[in-house]
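Residue numbers (my numbering), protein chains in the order written: chain A, 1 to 160; chain B, 1001 to 1074.
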């Protein structure tokens, strides 16, 4: 029975707010379609899943620099267009509230509630110096083979 | 009269479908649910979703900007 479910996979490569929102809306929609959904976070997309507080972990200075320069979590992402030094995201959040659209943190929570599998790419975590403790709880950790394992069975595969 | 009414008026995509899915999961085959939505994309959304999830869209109407869908679980 479980095996007959359709599958959807999304690679979230981008760390832009607008793209992350799109990815999570599609993921939640697919879950409502009763698909098994996987989002595979790699490179800048990993920042979407960062905890917003500072997590004390042992790091080299280069990793520390990356950690400081990259957005800490879904609330801090910038827009891919019209970011305007952070004014753009505030404007879009205002408009989204007006239209009763879910915020990115709410979309993430909804995805977790709907059983969307959230997978962090361990290789790029190493490159960006991110450690498991710094990402939201409930994530899985894997590499390209695990992603392909899901993707080969899925009819919907997106790279965002 | 539907067995369950799902009111998603004022909610934006993807919430109408997400809420409808949650309600549908609680139904037994043969039972019906009525979904209310003001999202302008609802008609295409619900037609596609009901078909894909292999249920039945018994009827749909638009009244004063509110879409009303009657879905039967098969």
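Note that the Cβ used here is the ideal one computed from N, Cα and C, for glycine as well.
{"Item": "Interface residues of chain B facing residue 29 (chain A) [CB-CB closer than 8 Å]", "Value": "1013, 1014, 1017 and 1018"}
{"Item": "Own chain, CB closer than 7 Å to residue 1027 (chain B), minus 5 neighbours either side, in chain order", "Value": "1003, 1004, 1033 and 1073"}
{"Item": "Best match in B:1062, B:1055 and B:1010 for proximity to residue 33 (chain A) [C-alpha to C-alpha]", "Value": "B:1055"}
{"Item": "For residue 107 (chain A) and residue 26 (chain A), believed in contact at Cβ under 8 Å, the rounded distance", "Value": "Incorrect: roughly 10 Å between the Cβ atoms, too far for contact."}
{"Item": "Same chain, Cβ closer than 8 Å to residue 117 (chain A), neighbours up to 5 away in sequence not counted", "Value": "36, 37, 38, 39, 140 and 150"}
{"Item": "Buried/exposed call for residue 1029 (chain B), threshold 16 Cβ in 10 Å", "Value": "exposed"}
{"Item": "Residue range of the unbroken alpha helix (DSSP H) whose run includes residue 147 (chain A)", "Value": "144 to 151"}
{"Item": "Residue 8 (chain A) classed as buried or exposed, judged by whether at least 16 other C-beta atoms fall within 10 angstroms", "Value": "buried"}
{"Item": "Proximity to residue 1047 (chain B) [Cα-Cα], best of B:1011, B:1063 and B:1017", "Value": "B:1017"}
{"Item": "Cβ of residue 114 (chain A) within 9 Å of any chain B Cβ", "Value": "yes"}
{"Item": "Min CB distance residue 1021 (chain B) to chain A below 9 Å", "Value": "yes"}
{"Item": "Validate contact between the stretch 69 to 79 of chain A and the stretch 43 to 54 of chain A using beta carbons, cut 8 Å, 3 pairs", "Value": "yes"}
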